[in-house]
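Numbering (UniProt numbering), first residue to last: 1 to 132.
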C-alpha cells in the first residue's frame with residue numbers, strides 16, 4: 001500500500017475506526033459497559049466538534065510536523081459532498097483532517113505517535129468516570 005497515494009477520505013476512513021477503537025477501549029477500561037453510557041461518553045472524543053478542537057489544540061501548540069500538517073490538509077480539503085445535519089461544514093472538514101492524521105499515523109506504523117496524541121487528548125477531556 002502506497003500511503004502517499006491514499007486520498008484524504010481513505011485516510012480519514014481508517015482514522016475514524018482507529019480513533020473510535022482507542023475511545024472505546026478507554027471507556028471500557030474506566031468500567032463502563034452499558035451501551036447507552038458508552039455512546040454518550042464517546043461523543044466527547046469522536047464528534048466533529050471534539051475532533052476539530054483536538055486538532056486546534058495540537059496545531060496551536062506547534063505539536064504537528066509539516067508532514068503531519070500536510071496529511072491534515074489532505075483530509076480537510078477532501079470534498080465529501082455531504083455534511084452531517086448538526087455540524088458546520090468548516091468543523092466537519094477540520095475533523096476529517098484530524099481523522100486523516102489518525103489514519104496516517106496508524107497505517108505508517110507510528111503507533112507511539114498516535115498513543116502520545118491520544119494521551120494528550122484523553123487528559124484534556126474530563127470524564128466523571130475517571131473519578132470512579
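From the three backbone atoms N, C-alpha and C, an ideal C-beta is built for every residue, glycine too.
Legend entry - Residue environment, residue 88, which counts as buried when at least 16 other CB atoms sit within 10 Å: Per the 10 Å Cβ criterion, exposed.
Inset, instruction - May I have the straight-line CA-CA distance separating residue 131 from residue 31, to the nearest angstrom? - result: For residue 131, the predicted structure reports a pLDDT of 45, less than 50, and the residue's modelled location is therefore unreliable. A value from the coordinates is still provided. Between the alpha carbons of residue 131 and residue 31 lies a gap of roughly 11 Å.
Legend entry - Proximal residues to residue 15 (C-beta, below 6 Å), its chain only, five neighbours per side dropped: Setting aside the 5 residues that flank it on each side, residue 15 is surrounded in the same chain by 99, 100, 102, 103, each with a C-beta closer than 6 Å to its C-beta; the list follows chain order.
Inset, instruction - Determine the extent of the alpha helix (DSSP H) in which residue 56 is found, giving its start and end residues. - result: Looking at the DSSP string, the run of the alpha helix (DSSP H) that includes residue 56 is 48 to 60.
Inset, instruction - Could you have a look at residue 88 and say whether DSSP puts it in helix, strand or coil? - result: DSSP, read as helix, strand or coil, puts residue 88 in coil.
Inset, instruction - Might you give, ordered along the chain, the residues of its own chain that have their beta carbon closer than 7 Å to the beta carbon of residue 20, omitting 5 neighbours on each side? - result: Cβ neighbours of residue 20 beyond the five flanking positions: 46.
Legend entry - Environment of residue 3 [buried if 16+ CB atoms lie within 10 Å]: Its Cβ having fewer than 16 others within 10 Å, residue 3 is exposed.
Inset, instruction - Just confirm the distance between the C-beta atoms of residue 8 and residue 74, as a whole number of angstroms; I'd bet it's less than 8 Å. - result: Rounded, the Cβ-Cβ distance is 4 Å, consistent with contact.
Inset, instruction - Using the Cα positions of residue 118 and residue 58, report the straight-line distance between them to the nearest angstrom. - result: In this model, residue 118 and residue 58 are separated by some 11 Å (Cα to Cα).
Inset, instruction - Would you identify the three-state DSSP class for residue 39, choosing helix, strand or coil? - result: Of the three classes helix, strand and coil, the one that applies to residue 39 here is helix, per DSSP.
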